[in-house]
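Comments concern the structure below.
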Amino acid sequence: MQRKFRLGVSASAMVLGVAVTTFGAAGSANAAGYETNYAGVTSDGAAQCAYQLTYPGSGLGWVCFEKYGDILWVTRSFYEDSQTSMRWVNQLKNSSGSWVDYRSGECINNLGESTWGVCNKDFYENSSLNALGGYGSRIAYKACTTTSCSALSPWVYNDG
Numbered sequence: 237m238q239r240k241f242r243l244g245v246s247a248s249a250m251v252l253g254v255a256v257t258t259f260g261a262a263g264s265a266n267a268a269g270y271e272t273n274y275a276g277v278t279s280d281g282a283a284q285c286a287y288q289l290t291y292p293g294s295g296l297g298w299v300c301f302e303k304y305g306d307i308l309w310v311t312r313s314f315y316e317d318s319q320t321s322m323r324w325v326n327q328l329k330n331s332s333g334s335w336v337d338y339r340s341g342e343c344i345n346n347l348g349e350s351t352w353g354v355c356n357k358d359f360y361e362n363s364s365l366n367a368l369g370g371y372g373s374r375i376a377y378k379a380c381t382t383t384s385c386s387a388l389s390p391w392v393y394n395d396g
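In this note's numbering, the protein residues as written are 237 to 396.
Now the structure itself:
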């Protein structure tokens, strides 16, 4: 299946209204630790995602989240530092209706210049009962090099 880029929101519009979230710190005793994954090679071509972020100051690489299949897409940029990644946080709504950091991590692409890599995750669906006893699952992410990161994306509800 051929995949193509779809830009749903401009980078400047994506940062408006984004909640501030720290990566790495768990917001609940039930939360999993920080997950570090290395992207695998994909034969599916380019990503098909609603929201894409470019690496800071470059436009030479992208990251995005594909809801259907919970796939994190990361391209390798032309940066000299040789490592690009997508840092993400997954929040669940608990039984009281509050959003809580549940999982967070990083998908690292060191596959070579201009190569798409994927990390296949398994997040709760927004409409299903989750581990915190509520209904709701969302993901926010940013594009990173070893020296800097983009702004955080808007929250994407995982209803794919």
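Where is the CB? At the ideal position from N, CA and C, for every residue including glycine.
Here DSSP, grouped into helix, strand and coil, assigns T351 to coil. Per DSSP, the continuous beta strand (DSSP E) segment holding G341 begins and ends at W335 to N345. Counting C-beta pairs closer than 8 Å gives fewer than three between the region 382-392 and the region 343-353, which falls short of the contact rule.
If you draw a straight line from the Cα of T278 to the Cα of C300, it comes to about 14 Å. Using a Cβ distance threshold of 8 Å, N366 and L328 count as a contacting pair. DSSP lists no beta-bridge partner residue for S363.
Boundaries cannot be given for S279, as no beta strand (DSSP E) includes it and DSSP labels it neither H nor E. In the displayed model, W391 falls within coil according to three-state DSSP, outside both helix and strand. For K357, same chain residues with a beta-carbon under 7 Å away, outside a window of 5 residues either side, are D306 and L308 in chain order.
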